[in-house]
Amino acid sequence: MSKEATDNDKRKRNNLLSQYYGITEEKDVENLFDVDGKHFNADAYVDKLVQETSLKQLIDKEQELVREIQSLDSEMQTLVYENYNKFILATDTIRQMKSDFKTMEDEMEKLVQDMSQIATFANSISSNLQDRRQQITKLSNIHELLKNLQFLFDLPTKLKSSVEEKNYSLAVKYYAKSEQVLKDFGDHPSFSGIQSDCQEIVTTLRKCLKDQFVRAEVTSHELEESASLLSKLGESSTSLALEFTVINKGRLEKDLDDLSTYTTSGENNGEAVLAFIEKCCNTALNNAALTIATFNNIFPLASAKDSEGLIDMAVDVINRLCPIVKTKVVEIIGFEINEGCCLSLVAALDKFHRRLLAVQRLLMSDKQWSSILITDVAQIISNRAAENLVVKWTEELQGWRDSWNNDNQPHGSVKFIEGALIEHIHRTLVALTAFVGNHVTFSQDYQFRQTFGRRHVREDVFIMSLKKLSIMLSNLCNATGKDNASPTLILVLSRVAIDFNQNLAQSLLSLIEEQFDIPAGFQGDNLTPLSAVAADFKQASQTLLQRYVQSESHVLVQMIRKSMDSRDWLTTSEPRSVRPVIKRVLEEISRVDSHAAQLYEEGSRKDRSSDSSRRTHHSSRMQQKSSWSSLGPSQLDSSLLNNIQKLFSERIDLSGTVEPNKGSVVMAVIKICLKGFLECVRLKTFGKYGIQQIQVDCYYLQLFLWRFTFDENLVHSLLDEILSSAVQRCLEPVLMEPGVVELICER
Amino acid sequence: MEEEAPIIYGLDFQARSLCAQYGETEMVRFLIGTQSLKSENSIHCVEYDEESVLVSKFVYPHPLGEIWQTNAHPNQADIIGTVHKGQNQKMSATIYKMSPVPTNGQSIDTLDSTSHGQLEAIASLEISDEKEVAKFLWQPNDGNKVVTVSTDSQINLWDFGNEGKVQNSLHSDPLCKIHNQVTAANWSPHHGTNQVAVAMETNLQVVDLRSVNKGSIYNIENAHIEPIRDLDFNPNRQYYMATCGDDGCVKFWDVRNLSSPVLNRHDHYHWVWQVRFNVFHDQLVLSAGSDARVVLTSAASLSSEPFGKLMSDDKDNDDDEDVRSPLADGVITAYEEHEDSVYSVAWSSADSWTFASLSYGGRLLIHRVPRSLKHSILF
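Residue numbers (the UniProt record's numbering), protein chains in the order written: chain A, 1 to 747; chain B, 1 to 379.
In structure tokens:
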């Protein structure tokens, strides 16, 4: 075999095989040197080997190739042998099969003959059986009849058993099925027994059904079932309707009882209310509706008289339900009224309202249940909200009173306190706006909106709480002892009261008018005019201001009094400086001045004098003073000077009316303070240096007090009076040289 | 309410102390003690004749210095006690016999108006050299005992015999250990005249003279927020008293419940220096203050007279109807004629509708309560 031929042969075989196995030929030129590859080129391979390898390698390679060829040869031989063996075995088998098929053909022929024989037999049999079949049909008919009869005979037992099993509808079905037959053949002696038995059982059945009808715990579905069964059994619809009404009344009353003893477990009031209303709707209200619906279902042809009883009953139930709902809702919602609980409450009420309206439509009643209920609840809630608000305010005020820090700046505090007060009322109002929300069905009623807005929000909440606030503010300053409020707080509160008087109340009212659909500035309908509230606040602020003046001057007078008591004025040494207490008093007055200036306007001067005239006035006082000091003790006889002076100075008005302006407040404090000083001076007896000390103090006060007041004359006349009283109470009235006094004071 | 113009009497001296001459029961007569460091002081006896609307006076020079308190004996018209400060600048108390004094019912005009009276010192109530007298009190009903309270709140009880003998029978420990100035004191006419009230600044203590060192019977801490200037017992209801003080308030107390006053009036604009019940009609209360005002207050709800209950029933219809409504608590009249601080006020002992008030400048005003008020109380 030439090598080329082998090659070709081999390639052909490979192609076949690869075709068979679906392997597409790859044109791989690189594999020319792969002995096992498809494109192996022996010549090229040998050339390559000869070129590339050494002799020894060549020899080795040859040996290796020879070994491989030998082994491949032997393998091939074995394969050829095996295949040949198999082929021989197959030939044998085919021969065997050929002989077997022959016998089978014979047997098949025999089978065909047998089958035709069977067919003939069958035909003959069927013709023979024709008669019998008709007889059997007849028999089976008779059997059916007998079965029916059997049913009739069994009816009493069946009825009995189904009654016993409480399968009433089946029983009624059986009875209805056979009733006609029994009626038709009732006079037949054999049936009459059955009939009487059946009657008996049906009576029991009826009784059972009635029992079921009457029992309280059955569902309305069962009720409906029994009612319809009873009417099938020929019960009169009027008596049934009556009974139905009575039964449902009992059931609804139980619902009402349940509701009126309803207790909540949850701590969230809003949710508790929702749950309660849910329960109301699902029990009493729903059952009422269901009762009416069921009634209409069962007795579609009920007379007006029959349904009247039911409707009366339902109306009665709702009449009683509403107060229960009111009490309970109000009870559950508690006394803390906030926005969340109001929203829930309104949602709950709205739900109830809608359900109630639906029921009302069923009843065709025009009663105002829900609107009365909601108005009542709204009123109670408003009152509570107002009470709450007042409580909150009280707490707030007490909090400020107890934790007042005297370093607080009045101006900021006013804003802060007003903010907090307004915040509380805002919160209350926001909570109450829930009642007039757009999505709320019942608030679409104009009547309700009007009553709620005007009577409840404006009057009960706004007006009442503001009135109470003004009372609270004035009461705060009446407290003494432990509950005593800081003077600065009192001043701050007086400003708060004025702000309420001037604009806060008005702006709150505008807000209310806007939110609750009240025409702006509306006055009719017996509404309390805002001016009444404003007047209360004005009064409160007046009281507070007076109280402030009292408290501040109380402290100052006490300081002065203590300082007067603690010194022996007869033997005191020559004055070298102004007493510290006087400086302290001035500091306090300037503090009062700055506090008042933060909150109040300057106020008008009594007689507005230009600066220059004041200066001349001032100097004239000085001249008068210097003329005093030149007077000797003998000339200073008290009464004359005193009386002459009295003629020129006006009576000092200490009355407590304080104008709400800075000047008036500070002046009031100064007046009371100096008057107290005067009284203290009159209780003492002075020596030479004692009076000089008072002279120094008075001069110092005069130097600094004028800037706080718009009525210098008054201050001067008070200071003069102090000094002249001191002179009268002096054993050795020798005043200091004004120059020395000035020197001491300016030091 | 119509006002009757007051009678004005000027003294030319400063004066703080005023009292009625209690021993005189027919003539309206007041005693005034002047307070002057420079001139001689005196007791002015001022008589007011209602019919002639004239004021007469008689002067008793007081040599022992300026007078801070004048206290007439409750029964004897010629006995007077003063608290005074002399040259030694020490507050002392002395009991005098005044002479001459007209007999009861006789006008002061019967005395020789050109001459001066005389004050004969019967007894000087000296305790020791250091102690100064703060208050002097006659036993309210028969005046045979005297109490002086020293500035350190020591109470001294003196027996005052008919023949003018004075004997110190008791002196107590100071009521208060802390140095609080005694600012007011008064002697209760009730409970067998055994109780004396002493105010130390803002606190009030009431002691029983029989057990004076065993502490107070009751006390009112911080009765006023500022010092108490005066107090008075309701002469007819034993449990009621009135206090006044620098806070401008007059407070009425039921001593059985001292937690708060039964009535608190804030009618003065400055310190209230004196408060006085009318002895006959105790719903009428006078108060005087350094706001130069005298206020006549009604405390009808605390009065011993059952006004409007027993009497108004049968007379409601026949009398004039304008004043029939029951008297409410509150200010009846505020008198503003004074120019200076009013330190003292006194009801007349002879006419229960007349009272006098005294301001610092020495001006004495004699008022009568408004006639309509008088009618509404009487009928």
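Think of the CB as a built atom: it goes at the ideal place given N, C-alpha and C, for glycine as much as any other residue.
Alpha-carbon to alpha-carbon, residue j and residue i
i, j, result
"B/Pro-63", "B/Thr-94", "11 Å"
"A/Ser-717", "B/Arg-276", "31 Å"
"B/Asn-219", "B/Leu-209", "15 Å"
"A/Lys-166", "A/Phe-452", "57 Å"
"B/Asp-142", "B/Trp-187", "12 Å"
"residue 748 of chain A", "A/Asn-128", "Because chain A spans 1 through 747 in this model, residue 748 of chain A falls outside it and cannot be assessed."
"B/Gly-33", "A/Gly-739", "39 Å"
"A/Met-313", "A/Lys-232", "26 Å"
"B/Ala-72", "B/Ser-39", "23 Å"
"A/Asp-653", "B/Asp-291", "8 Å"
"B/Glu-305", "A/Phe-522", "52 Å"
"B/Val-272", "B/His-224", "11 Å"
"B/Thr-110", "B/Phe-58", "10 Å"
"A/Gln-695", "A/Glu-587", "19 Å"
"B/Glu-2", "B/Asp-351", "At B/Glu-2, the pLDDT of 47 sits below 50, so the modelled position is not reliable; the number obtained from the coordinates is stated separately. Going from the Cα of B/Glu-2 to the Cα of B/Asp-351 covers about 20 Å."
"A/Ile-374", "A/Cys-322", "10 Å"
Same chain, Cβ closer than 7 Å to residue i, neighbours up to 5 away in sequence not counted
i, result
"B/Gly-10", "Gly-362, Arg-363"
"A/Val-581", "Met-559, Ile-560, Ser-563"
"A/Gln-506", "Leu-530"
"A/Asp-34", "Phe-40"
"A/Ser-443", "Phe-435, Val-436, Gly-437, Arg-449"
"A/Lys-351", "Ile-277, Cys-281"
"A/Ala-288", "Leu-252, Ala-314, Val-317, Ile-318, Val-359"
"A/Cys-208", "Val-163, Tyr-168"
"B/Pro-140", "Pro-74, Trp-187, Pro-189, Thr-193"
Beta carbon of residue i nearer than 7 Å to that of residue j
i, j, result
"A/Arg-354", "A/Thr-441", "yes"
"A/Lys-467", "A/Asp-517", "no"
"B/Val-342", "B/Ala-288", "yes"
"A/Val-492", "A/Val-414", "yes"
"B/Val-133", "B/Ser-150", "yes"
"B/Ile-80", "B/Met-91", "no"
"B/Arg-229", "B/Gly-248", "no"
"A/Leu-701", "A/Leu-678", "no"
"A/Asn-406", "A/Ser-486", "yes"
Cut-off 6 Å between Cβ atoms - residues of its own chain near residue i, not counting five sequence neighbours on either side
i, result
"A/Ser-541", "Ser-494, Ala-497, Ile-498"
"A/Ser-553", "Val-669, Ile-672, Cys-673"
"A/Ile-462", "The residue you asked about is not Ile; residue 462 of chain A is Phe in the sequence shown. Answer for A/Phe-462: Ile-512, listed in chain order."
"B/Val-279", "Pro-235"
"A/Ser-474", "Ala-540, Thr-543"
"B/Asn-222", "Thr-202"
"A/Thr-428", "Ala-385, Leu-389"
"A/Gly-340", "Gly-270"
Same chain, Cβ closer than 8 Å to residue i, five either side skipped, listed in chain order
i, result
"B/Gln-35", "Phe-13, Gln-14, Ala-15, Arg-16, Ser-17, Asn-41, Glu-66, Ile-67, Trp-68"
"A/Asp-460", "Gln-379, Ser-382, Asn-383, Ala-386"
"A/Phe-153", "Ile-194"
"A/Asn-14", "Lys-38"
(message) Would the region 46-58 of chain B count as touching the region 19-32 of chain B if we require 3 or more Cβ pairs under 8 Å?
(response) yes
(request) Evaluate the contact criterion for the region 397-410 of chain A versus the region 348-368 of chain A: three or more CB pairs, one atom per stretch, below 8 Å. (result) no
(message) My parser needs the alpha helix (DSSP H) runs of 4 or more residues fully inside the region 488-519 of chain A; what are they?
(response) 505-515
(request) Return the chain-ordered ranges of every alpha helix (DSSP H) run that is complete within the region 304-336 of chain A and spans a minimum of 4 residues. (result) 304-333
(request) Kindly confirm or deny that the region 726-743 of chain A and the region 674-688 of chain A touch, where touching means at least three C-beta pairs closer than 8 Å. (result) yes
(message) Measuring CB atoms only, is the region 361-372 of chain A touching the region 405-419 of chain A, in the sense that at least three cross pairs come out at less than 8 Å?
(response) no
(message) Any contact between the region 328-336 of chain A and the region 266-280 of chain A? By contact I mean 3 or more CB pairs, one from each, below 8 Å.
(response) yes
(request) Write down every uninterrupted run of the beta strand (DSSP E) in the region 241-307 of chain B whose length is 3 residues or greater and which is fully enclosed by it, in chain order. (result) 250-254, 263-265, 272-277, 284-289, 294-298
(message) Pairs of beta-carbons, one from the region 250-269 of chain B and one from the region 222-241 of chain B, closer than 8 Å: are there three or more?
(response) yes
(message) In chain order, what are the residue ranges of uninterrupted alpha helix (DSSP H) at least 4 long that sit wholly in the region 409-440 of chain A?
(response) 410-433
(request) Scan the region 554-603 of chain A and note each continuous alpha helix (DSSP H) run of 4 residues or more that stays entirely inside, going in chain order. (result) 580-599
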